[in-house]
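**Student:** Chains as they are written, first to last, in the working numbering: chain P, 2 to 409; chain E, 2 to 409.
Every residue, glycine too, gets a C-beta built ideally from N, C-alpha and C.
There are 2 protein chains.
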Amino acid sequence: MAVIVQKYGGTSVGSLNRIEAVAENIIQTRQQGHQVVAVLSAMSGETNRLLSLAQSLDKHPASRELDVLLATGEQVSIALLAIALIQRGYSAISLLAHQVGIVTDNHFGRAHIKHIKTKRLAQALEQEQIVLVAGFQGVDHENNITTLGRGGSDTSAVAIAAALQANECQIFTDVDGIYSADPRIVPQAKRLDHIRFDEMLVMANLGAKVLQNRAVEYAMRHNLTIRVLSSFNQGVGTQVTNHYSEEMPQNQLPVSSITHQQQELLLTLNNIRSHQLTAEYIQALADKGIELDMLNQTVMADESITLSFTIHQDSEQQVLKILQNDISNNAGVTIKLDHNVAKLSVVGAGIKSKTETIGQFFKALSDEKIEIMLISSSEIHISVIINKQDLIKGVHALHSAFNLNLSA
Amino acid sequence: MAVIVQKYGGTSVGSLNRIEAVAENIIQTRQQGHQVVAVLSAMSGETNRLLSLAQSLDKHPASRELDVLLATGEQVSIALLAIALIQRGYSAISLLAHQVGIVTDNHFGRAHIKHIKTKRLAQALEQEQIVLVAGFQGVDHENNITTLGRGGSDTSAVAIAAALQANECQIFTDVDGIYSADPRIVPQAKRLDHIRFDEMLVMANLGAKVLQNRAVEYAMRHNLTIRVLSSFNQGVGTQVTNHYSEEMPQNQLPVSSITHQQQELLLTLNNIRSHQLTAEYIQALADKGIELDMLNQTVMADESITLSFTIHQDSEQQVLKILQNDISNNAGVTIKLDHNVAKLSVVGAGIKSKTETIGQFFKALSDEKIEIMLISSSEIHISVIINKQDLIKGVHALHSAFNLNLSA
Numbered sequence: 002m003a004v005i006v007q008k009y010g011g012t013s014v015g016s017l018n019r020i021e022a023v024a025e026n027i028i029q030t031r032q033q034g035h036q037v038v039a040v041l042s043a044m045s046g047e048t049n050r051l052l053s054l055a056q057s058l059d060k061h062p063a064s065r066e067l068d069v070l071l072a073t074g075e076q077v078s079i080a081l082l083a084i085a086l087i088q089r090g091y092s093a094i095s096l097l098a099h100q101v102g103i104v105t106d107n108h109f110g111r112a113h114i115k116h117i118k119t120k121r122l123a124q125a126l127e128q129e130q131i132v133l134v135a136g137f138q139g140v141d142h143e144n145n146i147t148t149l150g151r152g153g154s155d156t157s158a159v160a161i162a163a164a165l166q167a168n169e170c171q172i173f174t175d176v177d178g179i180y181s182a183d184p185r186i187v188p189q190a191k192r193l194d195h196i197r198f199d200e201m202l203v204m205a206n207l208g209a210k211v212l213q214n215r216a217v218e219y220a221m222r223h224n225l226t227i228r229v230l231s232s233f234n235q236g237v238g239t240q241v242t243n244h245y246s247e248e249m250p251q252n253q254l255p256v257s258s259i260t261h262q263q264q265e266l267l268l269t270l271n272n273i274r275s276h277q278l279t280a281e282y283i284q285a286l287a288d289k290g291i292e293l294d295m296l297n298q299t300v301m302a303d304e305s306i307t308l309s310f311t312i313h314q315d316s317e318q319q320v321l322k323i324l325q326n327d328i329s330n331n332a333g334v335t336i337k338l339d340h341n342v343a344k345l346s347v348v349g350a351g352i353k354s355k356t357e358t359i360g361q362f363f364k365a366l367s368d369e370k371i372e373i374m375l376i377s378s379s380e381i382h383i384s385v386i387i388n389k390q391d392l393i394k395g396v397h398a399l400h401s402a403f404n405l406n407l408s409a
Numbered sequence: 002m003a004v005i006v007q008k009y010g011g012t013s014v015g016s017l018n019r020i021e022a023v024a025e026n027i028i029q030t031r032q033q034g035h036q037v038v039a040v041l042s043a044m045s046g047e048t049n050r051l052l053s054l055a056q057s058l059d060k061h062p063a064s065r066e067l068d069v070l071l072a073t074g075e076q077v078s079i080a081l082l083a084i085a086l087i088q089r090g091y092s093a094i095s096l097l098a099h100q101v102g103i104v105t106d107n108h109f110g111r112a113h114i115k116h117i118k119t120k121r122l123a124q125a126l127e128q129e130q131i132v133l134v135a136g137f138q139g140v141d142h143e144n145n146i147t148t149l150g151r152g153g154s155d156t157s158a159v160a161i162a163a164a165l166q167a168n169e170c171q172i173f174t175d176v177d178g179i180y181s182a183d184p185r186i187v188p189q190a191k192r193l194d195h196i197r198f199d200e201m202l203v204m205a206n207l208g209a210k211v212l213q214n215r216a217v218e219y220a221m222r223h224n225l226t227i228r229v230l231s232s233f234n235q236g237v238g239t240q241v242t243n244h245y246s247e248e249m250p251q252n253q254l255p256v257s258s259i260t261h262q263q264q265e266l267l268l269t270l271n272n273i274r275s276h277q278l279t280a281e282y283i284q285a286l287a288d289k290g291i292e293l294d295m296l297n298q299t300v301m302a303d304e305s306i307t308l309s310f311t312i313h314q315d316s317e318q319q320v321l322k323i324l325q326n327d328i329s330n331n332a333g334v335t336i337k338l339d340h341n342v343a344k345l346s347v348v349g350a351g352i353k354s355k356t357e358t359i360g361q362f363f364k365a366l367s368d369e370k371i372e373i374m375l376i377s378s379s380e381i382h383i384s385v386i387i388n389k390q391d392l393i394k395g396v397h398a399l400h401s402a403f404n405l406n407l408s409a
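(1) Establish whether the CB of His244 (chain P) and some CB of chain E are separated by less than 8 Å.
(2) So, using beta-carbon positions, are Ile386 (chain E) and Ile352 (chain E) closer together than 8 Å?
(3) Only counting runs of 4 or more residues, tell me where the alpha helix (DSSP H) segments fall wholly within the region 79 to 109 of chain P, in order along the chain.
(4) Compute the Euclidean distance between the alpha carbons of Gln390 (chain P) and Thr269 (chain P), then round it to the nearest angstrom.
(5) With a CB to CB cut of under 8 Å and the five nearest residues on each side skipped, what residues in its chain are close to Ile186 (chain E)?
(6) Identify the continuous alpha helix (DSSP H) that holds Met221 (chain E) and give its terminal residues.
(7) Do you know offhand how far Val203 (chain E)'s Cα is from Ile359 (chain E)'s?
(8) Please check the pair Glu66 (chain P) and Ser13 (chain E), which I expect to be a contact at CB under 8 Å, by giving their CB distance rounded to whole angstroms.
(9) Can we say the region 221 to 238 of chain P touches the region 171 to 178 of chain P, given the rule of at least three CB pairs closer than 8 Å?
(10) What are the boundary residues of the alpha helix (DSSP H) that includes Met201 (chain P)?
(11) Note the first and the last residue of the continuous beta strand (DSSP E) segment covering Gln171 (chain E).
(12) Going by the CB atoms, is the gap between Ala24 (chain P) and Ala85 (chain P) shorter than 8 Å?
(13) Within 8 Å (strictly less), CB to CB, does Ala112 (chain E) reach chain P?
(14) Anyone know if the C-beta pair for Phe109 (chain P) and Ser64 (chain P) falls short of 8 Å?
(15) Pick out the complete alpha helix (DSSP H) segments inside the region 34 to 79 of chain E, 4 residues or longer, and give them in chain order.
(16) From Gln298 (chain E) to Arg222 (chain E), what distance separates their C-alpha atoms?
(17) So, is the C-beta of Gln88 (chain P) closer than 8 Å to a C-beta in chain E?
(18) Quick check on the burial criterion: 16 or more other C-beta atoms within 10 angstroms. Buried or exposed for Met301 (chain E)?
(19) Could you work out which residue in E:Gly349, E:Leu345, E:His313 and E:Glu357 is closest to Leu338 (chain E) when comparing CA atoms only?
(20) According to DSSP, is Arg19 (chain P) helix, strand or coil?
(21) Step through the CB atoms of chain E and report whether any lies within less than 8 Å of the CB of His223 (chain P).
(22) If the cut is a Cβ gap below 9 Å, which residues of chain E does Thr226 (chain P) touch?
(23) By a C-beta neighbour count over all protein chains shown, 10 Å radius and 16 as the cutoff for buried, is Gln100 (chain E) buried or exposed?
(24) For the alpha helix (DSSP H) holding Ala398 (chain E), just list the boundary residues, first then last.
(25) Could you spell out the range, first to last residue, of the alpha helix (DSSP H) harbouring His340 (chain E)?
(26) Taking the C-alpha atoms as reference points, what is the distance between Ile117 (chain E) and Val104 (chain E)?
(27) Per DSSP, Phe362 (chain E) forms a beta bridge with which residues?
(28) Would you say His142 (chain P) reaches chain E, if we count a Cβ-Cβ gap shorter than 8 Å as a contact?
(29) Closer than 8 Å by beta-carbon distance: list the chain P residues that pair up with Asp59 (chain E), in chain order.
(30) Interface residues of chain P around Leu122 (chain E) at Cβ under 7 Å?
(31) For a contact meaning CB atoms closer than 8 Å, what does Thr299 (chain P) contact in chain E?
(32) On a Cα-Cα basis, can you pick out the residue from P:Ile328, P:Val211 and P:Asp294 that is closest to Ser377 (chain P)?
(33) Tell me the rounded alpha-carbon separation between Gly136 (chain E) and Leu278 (chain E).
(34) Would you mind working out which of E:Ser16, E:Arg121, E:Ala112 and E:Leu126 sits nearest Ser154 (chain E), comparing C-alpha positions?
(35) Anyone know if the C-beta pair for Ser305 (chain P) and Ile283 (chain P) falls short of 8 Å?
(36) Using a threshold of 8 Å, state whether the C-beta atoms of Ala285 (chain E) and Asp327 (chain E) are closer than that.
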């Protein structure tokens, strides 16, 4: 009898009806002869509701106490689902992080899982119980409640699956798998049967986030199979592993998917007079925790330096303040901020090995007369910054150029 | 430095504003030089909200899981109050039942406290922290969450106060103490400075419930001083102890208060032909957990038996069903049900020793031409069943007759 760990996110348990649907889904897995451990998030909206209560009392609530507060969200979900399963005649038990022994460090609000005790879980499975574990939460060595940060339930599920050496960790969400492009933009986009963890990580960083990165990294390290499924529709979803799909032909498509992102701003600093000053700019931003993306530097004919990079739109004010105030000598430097940009990327484990891919990429955009402002690439992705109004045209062009259309 | 345990009920923490008011109240106690352990209920309405979620899934939700669900209510309260106190610059820590070690039996939904570990509490107090403990909940020997039943936070507070040998257990509620009668009916009713636990228990049973009986019994056994106070107004409240008040003159008033109750129905069974059948009736009801009050039996001239008693109105349907179906041979017995009754009582530790009290009691009611249907009494109370429409008149008459009026 195989152990399957299932994770249901906030929208999957967002109402009593949804909780009953999840109960039916778990029962179906059980009837297929599997043991089930289900890891749940808080009902959608609940974490934000609790957070806003806390912030009404203190704009920056005490982190230990905020974790005590937020952890109630998942506790409600597991108790309600257990009630629904027991009502249907199935033996089920809810377990909180301290009852399982999901041991974390004591960084409240962003704790890391150190290890998971399997004794209590194994005991419940031995008793043929369906086990419902509160996601997102842990307990430190002093028995304080901790939380893992937004999306932490993914990490809980993956870590529990690894600890139990489960056959598969199924992540139920509101999409039925991972797509070759955003189906809202490209109707011909197709669900991928399989992708690799490294592709998934890059896709997440490039705007197609389905799983929390930490969860993906954890699964990757423990060589665990993840499957992304919809809790709203039946289907096989997308399998994510460390390997190439066995069913894939060797001459597989170099590109798995097209991703895009519109939350970035392009900053260009012109007329920087020394490499030292360039370094000072970058360091000042990095020290304040600003993530610089698509970083690019050019030495101009007059030996001045032009520095370009993108930042998340949320950090605009903070970045401008640092650039204007924290730099000792920025005489002559001009700062240009472009809000009208988007990032367009192709992701695929085969990109590096297929040298023609980069040519195809640029030809496709050039054919559509799309101007490229910045470029970055790795073994498994190519990203460019383009004008926002060219984005949809660009997604379609690349999706066709790399033969990803559903009918292909 | 004295340790004071304070308990705040649901209405006392019913909103963010109320939580901030409680924070200020605790800070005031702290500034008077006391250590504070505050035990909190769920925000008013929250327990019912959670219960109705569970009952939408299952009319009789699995009891272990219902406790997991309901326990989140108090968890939210203590976390929010901790956040409010820390925001005000005070060191505070929230502790759940499993973190304190409030060990109970495993009767989910109505668990009894077996013992309370003081190590974690003492450690927090040593560190000069204000300690906020989740009321209503415990943990069994297998680390399952339990709850103590409605009003269980009172018991939590009293048990913690006893375990810590606290100087006083202050119960903050929405009334500013215990009154000589319901002030909504008798405007001249006065707040009692002091009453005894046994009087309090009898008053609770007679309709003037301020504290959970189990909490009162626990405090009584551990010789702990309780003080009932308002969290909405300043005041000294009512002190409850095992002793007579020292400030009281020896010739104190025999009666402390007048209580009343309107949730009871009067049942009269006429023409019962044998004592055996009488016993069968009583046993059948008792076996089903029906509480019979004011039980009275008379043998009539024709040797038939008349049995009278009151029941809570909520058990009307169940009682009628038992009387009509579960009795082997009830031929000839007539059952009369009277909805139009009320119970009127006087309570006071001095009733037994002052033989004139019972005379005064009947004279006061007789002067008002109030007809008495049933009587019961003990060392510290006299209760009668009267017509509902005579109730207010009766409360006033007794309140005056025993010199309880404010100006007296």
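**Tutor:** The structure says:
(1) Using a Cβ-Cβ cut-off of 8 Å, His244 (chain P) does not count as an interface residue toward chain E, since no Cβ of chain E sits closer than that to its own.
(2) Judged by beta-carbon spacing, Ile352 (chain E) lies beyond the 8 Å limit of Ile386 (chain E), meaning their Cβ atoms are not closer than that value.
(3) As far as the region 79 to 109 of chain P is concerned, its whole alpha helix (DSSP H) runs of at least 4 residues are 98 to 101.
(4) Straight-line Cα distance between these residues: approximately 20 Å.
(5) If the five residues before and after Ile186 (chain E) are omitted, its C-beta is found closer than 8 Å to the C-beta atoms of His261, Ile393, Val396 and His397, all from its own chain and listed in chain order.
(6) Met221 (chain E) -> alpha helix (DSSP H) spans Asn214 to Arg222.
(7) C-alpha separation (whole angstroms): 17 Å.
(8) The beta carbons of Glu66 (chain P) and Ser13 (chain E) sit about 19 Å from each other, so the pair does not count as a contact at 8 Å.
(9) Because the criterion of three Cβ pairs below 8 Å is met, the region 221 to 238 of chain P and the region 171 to 178 of chain P touch.
(10) Met201 (chain P) -> alpha helix (DSSP H) spans Phe198 to Asn206.
(11) According to the DSSP assignment, Gln171 (chain E) belongs to the beta strand (DSSP E) that extends over Glu169 to Thr174.
(12) Cβ distance < 8 Å, so Ala85 (chain P) and Ala24 (chain P) count as in contact.
(13) For Ala112 (chain E), the closest Cβ of chain P is not nearer than 8 Å.
(14) Against a cut-off of 8 Å, the Cβ pair of Ser64 (chain P) and Phe109 (chain P) comes out as a contact.
(15) The qualifying runs are 47 to 58.
(16) Approximately 34 Å, taken between the alpha carbons.
(17) With 8 Å as the cut-off, Gln88 (chain P) counts as an interface residue toward chain E.
(18) Burial call: exposed.
(19) Among E:Gly349, E:Leu345, E:His313 and E:Glu357, the Cα nearest to that of Leu338 (chain E) is on E:His313.
(20) In the structure shown, Arg19 (chain P) falls within a helical segment according to DSSP collapsed to helix, strand and coil.
(21) Against chain E, the CB of His223 (chain P) has no partner CB under 8 Å away; the residue lies outside that interface.
(22) Neighbours of Thr226 (chain P) on chain E: none; closest Cβ ~30 Å, over 9 Å.
(23) Buried, by the Cβ-count rule.
(24) Leu392 to Ala402 is the span of the alpha helix (DSSP H), which, as asked, contains Ala398 (chain E).
(25) For His340 (chain E), there is no enclosing alpha helix (DSSP H), as DSSP marks it with neither H nor E.
(26) Answer to the nearest angstrom: the Cα atoms are 6 Å apart.
(27) None, per the DSSP bridge assignment.
(28) His142 (chain P) has a beta carbon lying at 8 Å or more from every beta carbon in chain E.
(29) Chain order gives the chain P residues near Asp59 (chain E) as Ile84, Ala85, Ile87 and Gln88, where near means a beta carbon separation below 8 Å.
(30) Using a Cβ-Cβ cut-off of 7 Å, Leu122 (chain E) is close to nothing in chain P; its nearest Cβ partner there is about 13 Å away.
(31) Here the premise fails: no neighbours, minimum Cβ distance about 49 Å.
(32) Here the closest residue by C-alpha is P:Asp294.
(33) Cα-Cα distance, rounded: 46 Å.
(34) Considering only E:Ser16, E:Arg121, E:Ala112 and E:Leu126, the residue with the shortest C-alpha distance to Ser154 (chain E) is E:Ala112.
(35) In this structure, Ile283 (chain P) does not lie closer than 8 Å to Ser305 (chain P) by Cβ.
(36) Yes, these two residues count as a Cβ contact at 8 Å.
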